[in-house]
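What follows is a short report on a single structure.
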Amino acid sequence: MVAKGSAAKARAGTTVENVEVARIFRELADLLEIQGANPFRLRAYRNAARSIEELPESVDAIARSDPDRLCELPGIGKNLAGKIVEIVTSGTLAALREVSRELPRGLTTLMGVRGLGAKRARALYDGLGIHTLKQLERAARAGRIRDLAGFGEKTEQHILQELAARSPGEQRVLRSVAAQYGETYLTYLRALPGVLQAEIAGSYRRCRETVGDLDILASVKPRTPLVGHFVGYPEVEEVMAQGPTKASVRLRGGVQVDLRVLDQESYGAGLYYFTGSKAHNIAVRRIGQKLGLKVNEYGVFRGKRRIAGRTEADVFRVVGLPWIPPELREDRGEIDAARTGMLPRLVELGDIRGDVQMHTTASDGRNTLEEMVEAVRTLGYEYLAITDHSPALRMVQGLDRDGFRAQMKHIERLNARLRHVTILRAGEIDILAHGALDLDDETLAEMDLVVVSIHSGFDLPEPKQTERVLRALDHRSVDILGHPTGRILNRRSPIALDLERVLRAAAERGIMLEVNAQPDRLDLDDVSVRAAIEVGVRLVISSDAHAAAELRFMRWGVDQARRGWARKEDIANTLPFREFRKLLHARR
DNA sequence: GCCGTTTTCGGCCCGACTGTTTTCAGTCG
């Protein structure tokens, strides 16, 4: 199916997406694994897939214009460069067709079932001819799987459970939701006497926008029965595994939580190890190896002697690196940066001086302007922009020209008597179908700050969508492009946009891009944040609050920006009000 | 299949738990 879709696209003359190339490589790796191919070859395909996925520019464009440059991408050599060119030009991959002559493509979906890997997929196919989830379920129900060598009754039951559990809960959990589950669990665990330290590690600690599961790490005094306490948590629905130092449970609501218990001497090494990412850990372990050291979750060892483990900083120190913030640990260049003293000093929540997108009851907000101002004051910000919607957004009753003018007058009166905080007269103006703005030029020119966003026409093809956005950015009153890709996590894909061109245009015109901090938007994403900074685009982090309580979403946006290597100076709303205002004036 | 402050050949991260095994393979993170 993958190859067919690509072929159709290639014929239509449009580009093959990076994620699609990555998916083909992953599928090929899975099939090769089932065939029993050299494991390092599989790793090469999977590394390449990841590398392509994280590439902020189009691999299709590189393949067409300058194929030699493909070999400069991490994990891509001559062979894989050739395969990328083949995918981009023909839409298919001969190697994939070849493997699927021997093995049905569907076999790889079996590997998506927890507990089934390549070996068992192969056994299921060879023994029972199973290559779809439906066949798998039927065979399990009929009790035919238990007779296969290496399988048993328990495995069969487990497969049925996994199949039953999977349909609704395949999505990753939003970081903000994971935070609620995780922090409560943590409080419960810490309350057990004998628990010395406990933290959430994994992708949650790395501040990824979504998490697959939660990894909790704890150190205890000897003989503390933490695993028992862990599985006894009232919200636990199912205990999936339980050993002396490790356990996995599934909570009501479907979130999986893993616990690892270590003693204090190993806590730092364990925290480091289970924070990941896997790719980062492997890279650092390799450095350790070259120094004659063994790095594992219990510490760093020279021979049998542990030379580090109590803290993360110790682990980094003995392999010759400074401590690297978890947000950067993705093996995207942070290790080289650390080695050469080039790690960025990342922006922090405390650096934020203003919030420049929020809504009031004048459009779709739930609190009045005065209530929002008061809430902003409590947070200690110096300024805020009120950015109610424009008229095109019918369903929320956006403001029209007169509405905005009345609101601006109102704000002027409020500003006259406010101290310590200034309200910017602003709006979130819709970008209409062909890139025109949803408010007259005169009113726009009177505003202190103009955010423009797309709220309709999400499905335009890339060239049209890109032209539409570029045209909107041509408007001289525009200051900020709001939630630039329009994606909603787990619900709506990003619009098709040539982000490179948009970034270049924004850089030229001094237009800022938003990192929208709504936990289901987090738009721009981490890779795009970094790409924006690299071409010199200034960013803002905005809560886009639709209620006073949502002003606190700012933290999710800051996390996201940090993952994109953003420093304080990359984020315009870390500026004091005078300087931020100067920045706005300089544009006009 | 990639990659190189030991290398263009010979490496490529490491340990816990489960279930099916009589000492370990498979899977996962």
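Per our numbering, the very first residue in the first sequence carries number 13; after that it's consecutive. Each residue gets a CB set at the ideal place from its N, CA and C atoms; glycine is no exception. This one's a predicted model, so the numbers in the text were calculated from it and none came from an experiment.
>> According to DSSP, simplified to helix, strand and coil, what is residue 32?
In response: helix
> Looking at residue 170 and residue 201, is the spacing between their C-beta atoms short of 8 Å?
Replying inline: no
>> Let me check understanding here. Comparing Cα to Cα, which of 302, 109 and 309 lies closest to residue 284?
In response: 309
> Starting from residue 470 and walking both ways along the alpha helix (DSSP H), at which residues does that stretch end?
Replying inline: Here residue 470 belongs to no alpha helix (DSSP H), and DSSP marks it neither H nor E.
>> Starting from residue 443, trace the beta strand (DSSP E) in both directions and tell me its first and last residue.
In response: No beta strand (DSSP E) contains residue 443, which DSSP labels as neither H nor E.
>> Quick check on residue 258: buried or exposed, where buried means 16 or more other Cβ atoms within 10 Å of its Cβ?
In response: exposed
> Which word fits residue 442, buried or exposed, when buried means at least 16 other C-beta atoms lie within 10 angstroms of its C-beta?
Replying inline: buried
>> Measuring only the C-alpha atoms, how far is residue 575 from residue 219?
In response: 7 Å
>> To the nearest angstrom, how far is the alpha carbon of residue 498 from that of residue 231?
In response: 42 Å
> What's the C-alpha gap between residue 348 and residue 83?
Replying inline: 19 Å
> Considering only C-alpha positions, which residue in the set 459, 324 and 301 is nearest to residue 314?
Replying inline: 301
> Does the beta-carbon of residue 199 have 16 or more other beta-carbons within 10 angstroms, so that it is buried, or is it exposed?
Replying inline: exposed
> Can you give the Cα-Cα distance for residue 58 and residue 343, rounded to whole angstroms?
Replying inline: 14 Å
>> Is any non-hydrogen atom of the ligand COA found closer than 7 Å to the C-beta of residue 534, if you look at the structure I gave you?
In response: The model depicted lacks the ligand COA and carries no ligand whatsoever.
>> Please state the DSSP three-state secondary structure of residue 6.
In response: Here the chain comprises residues numbered 13 to 600, so residue 6 is not present and cannot be evaluated.
> Unbroken beta strand (DSSP E) runs of length 3 or more, entirely within the stretch 45-79: which are they?
Replying inline: none
>> Let me check understanding here. Comparing Cα to Cα, which of 157, 436, 400 and 502 lies closest to residue 559?
In response: 400
> Which residue from 459, 38 and 327 puts its Cα closest to that of residue 282?
Replying inline: 327
> Should the stretch 542-552 be regarded as contacting the stretch 513-525, the criterion being three or more beta carbon pairs within less than 8 Å?
Replying inline: yes
> For residue 369, does the count of other Cβ atoms within 10 angstroms reach 16, so buried, or fall short, so exposed?
Replying inline: buried
> From residue 60 to residue 39, what distance separates their C-alpha atoms?
Replying inline: 12 Å
> Mind checking whether residue 163 and residue 213 have CB atoms under 8 Å apart?
Replying inline: no
>> With the cut-off set at 8 Å, would you say residue 569 and residue 528 are in Cβ contact?
In response: yes
> Going by C-alpha distance, which of 447, 481, 489 and 471 is nearest residue 453?
Replying inline: 489
> How big is the Cα-Cα spacing for residue 180 and residue 457?
Replying inline: Residue confidence for residue 180 is low, a pLDDT of 48 falling below 50, so the modelled location carries little weight; the figure read from the coordinates is stated next. Approximately 48 Å, taken between the alpha carbons.
>> Please classify residue 402 as buried or exposed, where buried requires at least 16 neighbouring CB atoms within 10 angstroms.
In response: buried
> Going by other Cβ atoms of all chains shown within 10 Å of its Cβ, with 16 needed for buried, is residue 410 buried or exposed?
Replying inline: buried
>> Using only the alpha-carbon positions, how far apart do residue 387 and residue 366 sit?
In response: 12 Å
>> Suppose you measure from the CA of residue 49 to the CA of residue 92; what does that come to, to the nearest Å?
In response: 16 Å
>> I'd like to know whether the C-beta atoms of residue 449 and residue 484 end up nearer to each other than 8 Å.
In response: yes
>> Using DSSP's beta-bridge definition, name the partner residues of residue 601.
In response: Outside the shown range of the chain (13 to 600) lies residue 601, about which nothing can therefore be said.
>> Check whether the stretch 30-45 and the stretch 59-74 touch, using three or more Cβ-Cβ pairs below 8 Å as the test.
In response: yes
>> Can you tell me whether residue 377 is buried or exposed? The criterion is at least 16 other CB atoms within 10 Å of its CB, across all chains shown.
In response: buried
> At what residues does the alpha helix (DSSP H) containing residue 379 begin and finish?
Replying inline: From DSSP, residue 379 is part of no alpha helix (DSSP H); its letter is neither H nor E.
>> Tell me the rounded alpha-carbon separation between residue 252 and residue 239.
In response: 13 Å
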